[in-house]
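Participant: Position 353 (the sequence shown) corresponds to 352 in numbering that gives the first Met the number 0; numbering is contiguous. The beta carbon of each residue, even a glycine, is placed where N, CA and C say it ideally should be. Just so it is clear, the structure is predicted and the values come from calculations on it, not from any experiment. This is the structure, below, for whatever I ask next.
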Amino acid sequence: MKATCLQDNLAKGLAIVGRAVATRSTLPMASNILLASDGPRLKLAATNLEIGITTWVGAKVEEEGAVAVPARLLSEFVSSLPQEKIELTLNPRNRTLNLKCARFEANIRGADPEEFPPLPSVSEEPTTTLDPKALHDGVAQVVFAAATDDTRPALAGVLCSLQDETLTMAAADGYRLAVRKIGLSSAVPEKIDFIVPARALQEIGRLAADEEDPVEVSVAPNRSHVLFHGANVDVVSRLIDANFPPYNQIIPSRWNTRVLINTADLLKSTKLAFLFARDSANIVKLQFQPGQEEMQPGRTTISSAAADLGDNASEIDVVMEGNATQIAFNGKYLLDVLGVVGTGQVALEVSSPSSPGVVKPVGDDGYVHVIMPMHVAK
């Protein structure tokens, strides 16, 4: 292989695939990046056996070839070079990759590309397409609610349901539930459910932020893998073979108290309360009080206390329907959802202090977030 490309393009490509490099693996080859010629481009690929990322970099290719190169060394060396052309020359006899850029040069010993773990192939026919911004924002609104351990495999992933002209993503960890609906460019012929590992979907959402054209989604017929195909990036992920719980049963169908509240004000007050709550089991209390007179705004008080530190309380005017009540949430969970709702106001719906609370962005019917309450001793 002999090729020339720009330093910033190669550095960006290595950063993209570097997210799939295995940091700890029983398979040493998974700590490498596959570098190969592919027509007038260089192909970069990496996999940790759960997720595989492939991207392409524009280049002038004079000789074809391929090599597996230590990911960390290659990425750090290239990112340290000046923004000029890089000449890459592979010696096929000893699989050594020579890099020249300005007055800098290095020789990096590689490995046989045939030993690089193959990335799973998925049917080339796309199942559907998604707007990249909607995908990026939707993933951000659900992925944090997935479980961080594998004791219940289904909850360590995000359920993706394709039906008619809608993609519904749902994530839950036993204490909270996030559900986001995204419109599809066209209806799918049949309903398809699959569970993507949360870590993999997080990378998919991050990479979608750099895409401008629609992202194609292809699900393997045996539901083993899913491919997200962008203009210059492919992300393939294994799917979790498990049954996701019937999450619709968790979403309350009615409420006794509903308030409309400024998102930024609630976020700020919750952050202040959390300074004390983090030393007291993360408990943040919300008390809802209607206006004393007709046409007078209601009031929400956000408070927390820590025995060894002190206490905190903030008041916010709200539009309120229903009865006065209070509820306590894990402050971290409240901060997580308020940081991604994306609207100026949110609706908080509560039926009782011991029932789940619901957070909904005002003006956006496609998102709902449910948080289990915390028990507070009287």
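1) Are the Cβ atoms of residue 107 and residue 95 separated by less than 8 angstroms?
2) Which residues in the same chain have their Cβ closer than 8 angstroms to the Cβ of residue 251, if we skip the five residues on either side of it in sequence?
3) How long is the line joining the alpha carbons of residue 109 and residue 232, rounded to whole angstroms?
4) Quick one, which of 311, 322, 247, 361 has its alpha-carbon nearest residue 260's?
5) Please name the residue, chosen from 152, 1, 183, 66, that lies closest to residue 165 on a Cα-to-Cα basis.
6) Taking 8 angstroms as the cut-off, decide whether the C-beta atoms of residue 147 and residue 262 are in contact.
7) Say whether the stretch 54–74 touches the stretch 8–15, bearing in mind that this needs 3 or more beta-carbon pairs closer than 8 angstroms, one atom from each stretch.
8) Report yes if the C-beta distance between residue 321 and residue 254 is below 8 angstroms; otherwise report no.
9) Just grab the DSSP bridge partners of residue 168 for me.
10) According to DSSP, is residue 248 helix, strand or coil?
11) Cα-Cα, which of 168, 202, 319, 206 is closest to residue 245?
12) Give the DSSP-derived three-state secondary structure of residue 295 in the structure shown.
13) Do residue 112 and residue 65 have their beta-carbon atoms positioned less than 8 angstroms apart in this structure?
14) Just how far apart, CA to CA, sit residue 256 and residue 228?
15) State buried or exposed for residue 91, treating a residue as buried only when at least 16 other CB atoms are found within 10 Å of its CB.
16) Which residues bound the alpha helix (DSSP H) around residue 207?
17) Buried or exposed for residue 210, going by 16 or more other Cβ atoms inside 10 Å?
18) Residue 29 by DSSP, collapsed to three states: which one?
19) Say whether the stretch 272–280 touches the stretch 182–198, bearing in mind that this needs 3 or more beta-carbon pairs closer than 8 angstroms, one atom from each stretch.
Facilitator: Quick answer:
1) yes
2) 348, 350, 354, 355, 357, 369
3) 24 angstroms
4) 361
5) 183
6) no
7) yes
8) yes
9) 159, 179
10) helix
11) 168
12) coil
13) yes
14) 44 angstroms
15) exposed
16) 197–207
17) buried
18) helix
19) no
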